[in-house]
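Numbering-wise, UniProt numbering puts 113 at position 113 of the sequence shown, and it's gapless, one number per residue. Everything on this sheet refers to the single structure shown next.
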Amino acid sequence: MRGGRRCALPRQAGFGYLTVLMLVVALATGLTAVVQPWSMQKLRDQEAELLFVGTQFQRALASYYQSGTAPAYPKTLDALLKDDRVSFTRRHLRRLYADPITGGTEWGIVKSPDGGIMGVYSLSERKPIKRGGFDAELGDMSGKSSYQDWKFLFMGVN
């Protein structure tokens, strides 16, 4: 500022900022369109995994019940991994699966009248996506309001 002269700066109209803002809005809208179907597919995959794992537990419970000298339900889920009721070790289940919906290893337990385990269920209170069209071996799961209502049972015959 020598001699009292000022340097005039050109005025900025803010068009660059507005362009970047519009670009961010367009990208966010596009990502939303991609993320929604992806998250729905993830939920469907978790649900399909729950049906698979539940069926594995159901079959293991049936195998345990029918393979002993006298029909009986296991007292713990670990008994499905190593059944010592007969002279050789029998494994009805390869491993204790985690609940695909909750991600935890804890399952709800359905007790039989004698105190054994006759079924398992997820502890998730989320609403299922699948509402009907279940396999006959899964029993009546149609129209249930939460995953907790999906019981994977083996009803032994006494």
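Even glycine gets a Cβ: it sits at the ideal position worked out from N, Cα and C.
- Between the region 54-68 and the region 16-27 there are fewer than three C-beta pairs closer than 8 Å, too few to call the two in contact.
- By alpha-carbon distance to A48, the top candidate from F154, M155, V157, W150 is W150.
- For a cut-off of 8 Å, the C-beta gap from R131 to G143 is around 6 Å, short enough to register as a contact.
- Out of T69, L61, W38, the CA that lies nearest to the CA of S87 is found in T69.
- Apart from the 5 residues on each side of it in sequence, I101 sits with its Cβ closer than 6 Å to the Cβ of Q46, L50, S122, S124, Y147 in its chain, given in chain order.
- Cβ-Cβ separation between L153 and G119: approximately 4 Å, consistent with a contact (criterion under 8 Å).
- Per DSSP, the continuous beta strand (DSSP E) segment holding L153 begins and ends at 151-153.
- Per DSSP, the continuous beta strand (DSSP E) segment holding K111 begins and ends at 108-111.
- The alpha-carbon separation between Q36 and M22 amounts to approximately 21 Å.
- In the displayed model, Y121 falls within a strand according to three-state DSSP.
- For the pair V157 and T55, the Cα-to-Cα distance works out to about 19 Å.
- With respect to G116, P74 sits close: the two C-beta atoms are nearer than 8 Å.
- A26 sits exposed, since fewer than 16 C-beta atoms from the chains shown fall within 10 Å of its C-beta.
- Cα atoms of G103 and Y97: separation of roughly 10 Å, rounded to the nearest angstrom.
- Secondary structure of R90 (DSSP, three-state): strand.
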